[in-house]
Amino acid sequence: MLDAALADGTYSRESVFEVFARRLHGRRYGVFAGTGRLLELISRFRFGDAELEWLRSERVVSERTLDWLADYRFTGTITGYREGEVYFPGSPLLTVEAPFADGVILETLVLSVLNYDSAIATAASRMVHAAAGRPIAEMGSRRANEDAAVAATRAAYIAGFSASSNLEAGRVWGLPTMGTAAHAFTLLHDTEEDAFRSQVAAMGVGTTLLVDTYDVEQGIETAVRVAGTELGGIRLDSGDLPKLVGKVRAQLDALGATKTKITVTNDLDEYAIAALSASPVDNYGVGTSVVTGSGSPAAGMVYKLVAHKTDAGEWIPVAKKSDGKASVGGRKVPIRHLDSSGTATAEVVHVLTTRPPRAEGRELLTTLMSDGEADASFLGPDGVAAARAHNAKAIDELPEEAFRLGAGDPVLKTLFV
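Counting in my numbering, the sequence shown runs from 836 upward without gaps.
Written out as C-alpha cells, the structure reads:
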C-alpha cells in the first residue's frame, strides 16, 4: 500500500484512522489497555539499516519507498479513550491523524499492542469482580512469551490485580511483586520440614509456605510447628478447592494460626474464582487464564481509515460496506451517558467533522500524542498508576448486570448520531 501510494501521490493525503472492536466475544464490556506501551513504541518506531537492507535484498518495495522509510518518524496526532476505560462494540478507541503513509504503516504495531493488552485487561477485570475484593496476583509468565508476560502483568494490574510474580514488570512499570516457593524447593530437601525451616530462615515467619507437595493436613501441621502461629500464609495448588479450603481454615484456626492467610493457585479463571466466593480464601493467584485472555486471547480490534482530505482539500468520510464488516465513516466524538445516580446508560458516538457543543454525560476522548510527542502523563509507572485509577472509576459506573459471567450482549448500546 505504501509503495503504491507513494507512486500515485495519495500518500500525503491527510487521513484519519480509527481503532474499534466489532464485538466483545460474549463479554458484557471490554477494558481498553496498552495505550502507554503503544505511545512509547510509536515514539521510537524506526526503520534501521538492518531492516532497510533486508527490504532491499528481498525487493519488497521500491528504492523510493526505502528512502521514505529511512526518514520515517511519526509526527501526527493521536486521540483516544484513556487507558483503563471500559468500551463497547463500535467505541472509537483510538484515532490516528496523519498523512496516509504515516498512519497506515502503524497498523500492525497499534493492533498487536491494543488487541493483546485489552484482551488481558478484560479477562482480568472479570476475575477481579469475581474475587469480590480479595487480592489477586498475576502468576502467568511461564504461559506466555517473555515480552507478552510483562505486557500481561501490566494490563492485569491496570484492571485491578494486586501484584505479580514477574520481577521485570515490577522493574519496568513500578508494579508490586510477590512470590512463593515452588514444589521443587520442597522436593530438593530431605524432608518437608527442612524445606519450611530453610524458607522461614531466609524470609521470616511472614512468608507463605506451599503445603500440598505431599499431604496437606500434615503440611499445615508442619508449617505451623516451624513458623509458629504468626505464619504469614499457606498456599494450595491442587485438590478440590471449595471443599479443601474450609478444612484448611478450620485446621489453621485449631492450631492457633487464626491470622494465617490462605492463597489458592490451582488453574483458576473467573468461573473458578466465583465458585470459591463462599470459601474462606484470602488471596488468589492466577496464571494461564489471565495471560491468555481466559479463552479470548485477542480483543478483535481493527484499524480502519474513516476520513481523508481530497486533492481539493475537502474532508470526506469513508467506510467499508462489506457484509458483516461494515464500518462507520467520519470523525467521531463519543460521550458516555449517565443517569442521575452516575450509572452508565449508553455509549453515544457523535459522527461529525467538528467537535459538538458540550454534551450531557462524560466525554471519552483525550489527546494522547500531539505532533509526534506523547503526553508524558500516560507513560511509564505513573501512566500505569493513572490507568489503574481511571479503570476503577469507569468500572464503578457500570450497571450491575455488566458483571454477569455468562455469555451475553454488551451491557451498553453504542448509538451513532
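We put the CB at the ideal spot given by N, CA and C, even for glycine.
Element boundaries [beta strand (DSSP E), containing residue i]
| i | result |
| --- | --- |
| Y1119 | 1118 to 1121 |
| G1068 | 1068 to 1071 |
| V851 | 849 to 856 |
| H860 | No beta strand (DSSP E) holds H860; DSSP gives it neither H nor E. |
| T1249 | 1249 to 1251 |
| T914 | 912 to 916 |
| V1099 | 1096 to 1099 |
| A905 | Counting along the chain, A905 falls outside any beta strand (DSSP E), though it belongs to the alpha helix (DSSP H) covering 898 to 905. |
Minimum C-alpha distance to residue i - residue among the options
| i | options | result |
| --- | --- | --- |
| L859 | V1163, P1132, V1168 | P1132 |
| T1249 | S1176, T1178, P1169 | P1169 |
| V1051 | E1065, A1220, L1076 | L1076 |
| S947 | I877, G1243, Y1106 | I877 |
| V1121 | T900, R969, L1214 | R969 |
| R1197 | L1187, E1182, V1186 | E1182 |
| E1235 | R863, L949, S1212 | R863 |
| A1036 | A1058, L1022, S953, S1176 | A1058 |
| G865 | G1128, L1214, T1202, Q1053 | G1128 |
| D1146 | T845, A1209, G1177 | T845 |
Element boundaries [alpha helix (DSSP H), containing residue i]
| i | result |
| --- | --- |
| F935 | 935 to 939 |
| F1031 | 1027 to 1038 |
| Y1049 | Y1049 -> no alpha helix (DSSP H), and no H or E assigned at all. |
| K1078 | 1076 to 1089 |
| T943 | 942 to 966 |
| R1006 | 1002 to 1008 |
| K1139 | Not the alpha helix (DSSP H): K1139 falls in the beta strand (DSSP E), residues 1136 to 1144. |
| K1228 | 1215 to 1232 |
| S1205 | No alpha helix (DSSP H) contains S1205, which is instead part of the beta strand (DSSP E) from 1200 to 1205. |
| A1019 | 1018 to 1023 |
| E1105 | 1105 to 1110 |
Length of the line joining the Cα atoms of residue i and residue j
| i | j | result |
| --- | --- | --- |
| A986 | H1024 | 35 angstroms |
| L1045 | S1073 | 11 angstroms |
| Y922 | R1032 | 49 angstroms |
| A972 | A1017 | 15 angstroms |
| T1042 | D1117 | 14 angstroms |
| W1008 | P1216 | 5 angstroms |
| S976 | R848 | 43 angstroms |
| D1047 | T870 | 40 angstroms |
| L1066 | A994 | 30 angstroms |
| T1095 | Q1086 | 11 angstroms |
| R872 | V1061 | 45 angstroms |
Residue environment, residue i, which counts as buried when at least 16 other CB atoms sit within 10 Å
| i | result |
| --- | --- |
| V1252 | exposed |
| Q1034 | buried |
| G867 | Checking the sequence shown, residue 867 turns out to be Phe, not Gly. The residue is buried, with at least 16 neighbouring Cβ atoms inside 10 Å. |
| V895 | exposed |
| L874 | buried |
| W889 | exposed |
| R1171 | buried |
| A1229 | buried |
| Y1049 | exposed |
| A842 | exposed |
| E918 | buried |
| S892 | exposed |
| S1212 | exposed |
| D1158 | exposed |
| D1104 | buried |
Beta-ladder partner(s) of residue i, from DSSP
| i | result |
| --- | --- |
| A1179 | L1173 |
| R891 | DSSP output for R891 lists no bridge partner at all. |
| K1167 | V1186 |
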